[in-house]
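There are 2 protein chains.
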Amino acid sequence: MSARVGPTWRGPCLQLQWRPERCGCSTGTRRETDMRGLPAIISACANANLRDFVPLHIDGTMAGRVHHRRAPYLLKCLPWLQQGADVLLWNGDDPAGRTRRLAEALPVLAEAGLARAPTGELFDVVRPFGGIPLARCDRALLPTFGFPGYGVHVVGYVADAGGPLIWIPRRSHDREIAPGQLDNTIAGGIASGMTVIETLRKEAQEEAGLPPPVVDAAQPTGGLAYCHQEGEFLRDDTLFLYDLPMHRDVRPRNLDGEVEDFSLMPWRQVLELLRNGASFKFNCGPVLIDFLLRHGLMDPDREPGYSGLARGLRGSAL
Amino acid sequence: MSARVGPTWRGPCLQLQWRPERCGCSTGTRRETDMRGLPAIISACANANLRDFVPLHIDGTMAGRVHHRRAPYLLKCLPWLQQGADVLLWNGDDPAGRTRRLAEALPVLAEAGLARAPTGELFDVVRPFGGIPLARCDRALLPTFGFPGYGVHVVGYVADAGGPLIWIPRRSHDREIAPGQLDNTIAGGIASGMTVIETLRKEAQEEAGLPPPVVDAAQPTGGLAYCHQEGEFLRDDTLFLYDLPMHRDVRPRNLDGEVEDFSLMPWRQVLELLRNGASFKFNCGPVLIDFLLRHGLMDPDREPGYSGLARGLRGSAL
């Protein structure tokens, strides 16, 4: 277990919501340019319509969201859920009790197609990260209940005179999620009891064969969050982002079967792949766009869509 | 005029909305820590309740927002505005005509307390940045109509073994906006016809006495956007962010009276000032927090509020 202490944010949680509006881009002719693909990557990642989801409150805490079409079924088959006013309620259990009930629910829900196949990986139900978990459950249940998920994404790169060369893996074709798609150098979800850096080290070893001395150069660079909807599933994810400068002679090598091969690509090639709609896993493109923006590889005066990208990626706080 | 071309974003504009919800931070004891101040800085900047504002559509384009309490008065005194269904409409003028009407409206609105005092600075009414302007108007009118504003914020720093030292100016006490408050090294709004980098160079000269050879080291790092409400005024701002590495022997020196003095502060001191509620201009704190996050000066495993900060600053795209 990590030694992290309780939560500190005492104000309201800042929950973002996309409101697609008629675009005020232009009053005249609209021009097509090759920047069109980048905003599309962002909106495809943050694609959830939260108005279609009913909040799930656990002992008064906003813990997740359930698609409104699923709520009646869940209320029927999960006796510990109650209907509130525009909200689902789960009161009266303690974290251990909730963990037990979720474990019992998983096979029932998976059988009914309301949960993905069990992964065997235990994740905390916690918001924000570092707080006291409300429960633990198989990772497969997070999108069923819209529980928050936390992950680590690392962009490994080799410094070069022409700008960074980036290590891009292709996911194996036998994966359940995003088979054959391009990914970030190292990426993985944070399992219960793991810290961010422990997860980074574990995934670096398993996914890219990179030992601690190499990985110790990783530098945190902030985070990104999105609500991604797949049918009636909701991924409410926060990614902790890292840059990993690597020596040219270090070559990542997958050990756990998740990755088919790694390519070292000049950043311009990565940008072109993104623009041209290459098949990156849905949450990898935004991380790479953020990397390119942070490293000064896009110019606000030359990339006409820059302000929109910056708003899409980081306009919120704010 | 800049040679920037038309807009490229053909998808829906991504309009963010804050939804303060009951915080799911904890099911147990809530702990106070010194991170509390940082989220508060972000929520004080992005404090607008957009439900209180009526969209203003110019020829079918979402151009701005007017506080619902002001809409009746504006409809009465500005004959070119019409009431639509939950929207204000302005149809039938071309950009030159709109520019003329806004110039005529300014003294009337200022007299009635519905616009700030004229600044003499002409700004484009345009969304997104780089598009074809719908009109031009005195900067004072942007918050009256909730028109988007664009600015540049530069964090100037000196690399040091213990991490960056940051140049922090204190604004002069005779300023109308944020007198005596702390600011970012260089900051300014982008006037009509100016590019981002032209604005950066102009402000660097005027505010900090930094000539082009020094400023050419500035590197774009992305952007931040927020909707900030002051009474019935709305600032819908997008900031283009830059890092400016500086030699230790270069000392900024204000030339236009906006700044009282500059201090070179270790990043830890800047962080402590932010945490302890020091008086930074409302939009400077988020820019500095973003700088500290991007430079790896906060650790996801040691700063319990990190995921919330990352979500607040960059959770959207996403």
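Residue numbers (the working numbering), protein chains in the order written: chain Y, 666 to 983; chain D, 666 to 983.
For each residue, glycine too, the CB sits at the ideal point set by N, CA and C.
Cβ of residue i within 7 Å of any heavy atom in the ligand ZN?
i                     : result
proline 877 (chain D) : Because no ligand of any kind appears in the structure shown, any question about the ligand ZN cannot be addressed here.
Could you check whether the Cβ of residue i sits closer than 8 Å to any Cβ belonging to chain Y?
i                        : result
tyrosine 815 (chain D)   : yes
threonine 903 (chain D)  : yes
cysteine 965 (chain D)   : Going by the sequence as given, residue 965 (chain D) is proline instead of cysteine. Interface residue, yes.
glutamine 846 (chain D)  : no
arginine 918 (chain D)   : no
arginine 900 (chain D)   : no
alanine 713 (chain D)    : no
methionine 666 (chain D) : The predicted model places methionine 666 (chain D) with a pLDDT of 34, which falls under 50 and marks its position as unreliable; any figure quoted below should be read in that light. Methionine 666 (chain D) does not count as touching chain Y.
alanine 975 (chain D)    : yes
serine 972 (chain D)     : yes
isoleucine 842 (chain D) : no
glutamine 884 (chain D)  : yes
isoleucine 862 (chain D) : yes
glycine 693 (chain D)    : Because glycine 693 (chain D) sits at a pLDDT of 28, beneath the cut-off of 50, its placement in the model cannot be relied upon, and the point is left open.
Within 8 Å (strictly less), CB to CB, does residue i reach chain D?
i                           : result
glycine 961 (chain Y)       : yes
phenylalanine 956 (chain Y) : no
alanine 775 (chain Y)       : no
glycine 795 (chain Y)       : yes
serine 857 (chain Y)        : no
alanine 890 (chain Y)       : yes
glycine 887 (chain Y)       : yes
Can you tell me whether DSSP reads residue i as helix, strand or coil?
i                        : result
aspartate 759 (chain D)  : coil
glutamate 863 (chain D)  : helix
isoleucine 954 (chain D) : helix
glutamate 686 (chain Y)  : In this prediction, glutamate 686 (chain Y) has a pLDDT of 27, which is less than 50 and means its spatial position is unreliable; what the coordinates show is noted afterwards. The answer is strand: DSSP assigns glutamate 686 (chain Y) an E or B state.
threonine 784 (chain D)  : coil
alanine 890 (chain D)    : strand
tryptophan 832 (chain Y) : strand
alanine 975 (chain D)    : helix
valine 968 (chain Y)     : The sequence shown places glutamate at residue 968 (chain Y), rather than the valine named in the question. Three-state DSSP puts glutamate 968 (chain Y) in coil, outside helix and strand.
glutamine 747 (chain D)  : strand
glycine 853 (chain D)    : strand
valine 791 (chain D)     : coil
leucine 754 (chain D)    : strand
aspartate 717 (chain Y)  : helix
glycine 702 (chain Y)    : helix
glutamine 884 (chain Y)  : strand
arginine 801 (chain D)   : strand
alanine 824 (chain Y)    : coil
serine 837 (chain Y)     : coil
methionine 928 (chain D) : Residue identity check: residue 928 (chain D) is serine in the sequence provided, not methionine. Here serine 928 (chain D) sits in strand by DSSP.
arginine 696 (chain Y)   : The predicted position of arginine 696 (chain Y) is uncertain, since its pLDDT is 33 and thus under 50; no value can be drawn from it.
Using 10 angstroms around the beta-carbon of residue i, count the other beta-carbons present and answer buried if the total reaches 16, otherwise exposed.
i                        : result
serine 944 (chain Y)     : exposed
glycine 858 (chain D)    : exposed
histidine 838 (chain D)  : exposed
asparagine 941 (chain Y) : exposed
proline 878 (chain Y)    : exposed
histidine 912 (chain D)  : exposed
isoleucine 842 (chain D) : exposed
leucine 711 (chain Y)    : Looking at the sequence shown, residue 711 (chain Y) is not leucine but alanine. Looking at its Cβ environment, which holds 16 or more other Cβ atoms inside 10 Å, alanine 711 (chain Y) is buried.
glutamate 769 (chain D)  : exposed
glutamate 968 (chain D)  : buried
alanine 777 (chain Y)    : exposed
asparagine 849 (chain Y) : buried
glycine 762 (chain Y)    : exposed
aspartate 964 (chain Y)  : exposed
Does the beta-carbon distance from residue i to residue j come in below 8 Å?
i                        : j                           : result
valine 752 (chain D)     : leucine 739 (chain D)       : no
arginine 840 (chain D)   : glutamate 923 (chain D)     : yes
alanine 709 (chain Y)    : phenylalanine 947 (chain Y) : yes
alanine 890 (chain Y)    : arginine 976 (chain D)      : yes
valine 820 (chain D)     : phenylalanine 956 (chain D) : yes
proline 704 (chain Y)    : glycine 970 (chain Y)       : yes
glycine 888 (chain Y)    : leucine 906 (chain Y)       : yes
tryptophan 745 (chain Y) : aspartate 758 (chain Y)     : yes
threonine 886 (chain Y)  : leucine 953 (chain D)       : no
glycine 961 (chain D)    : glutamine 884 (chain Y)     : yes
arginine 765 (chain D)   : proline 808 (chain D)       : no
isoleucine 706 (chain D) : leucine 939 (chain D)       : yes
With a threshold of 8 Å between beta carbons, is residue i in contact with chain C?
i                     : result
proline 910 (chain D) : In the structure shown, chain C cannot be found, because the protein chains are Y and D.
Worksheet item: Is there contact between the region 905–922 of chain Y and the region 865–885 of chain Y, where contact requires at least three CB pairs shorter than 8 Å?
Response: Taking a cut-off of 8 Å for Cβ pairs, the region 905–922 of chain Y and the region 865–885 of chain Y touch, as three or more such pairs fall below it.
Worksheet item: If you pair each beta-carbon of the region 790–802 of chain Y with each one of the region 714–721 of chain Y, do three or more pairs fall below 8 Å?
Response: Three or more beta-carbon pairs separated by less than 8 Å are not found between the region 790–802 of chain Y and the region 714–721 of chain Y, which leaves the two stretches without contact.
Worksheet item: Should the region 888–907 of chain D be called in touch with the region 807–816 of chain D, which here means at least 3 C-beta pairs below 8 Å?
Response: Proximity of the region 888–907 of chain D to the region 807–816 of chain D meets the contact definition, three or more beta-carbon pairs being nearer than 8 Å.
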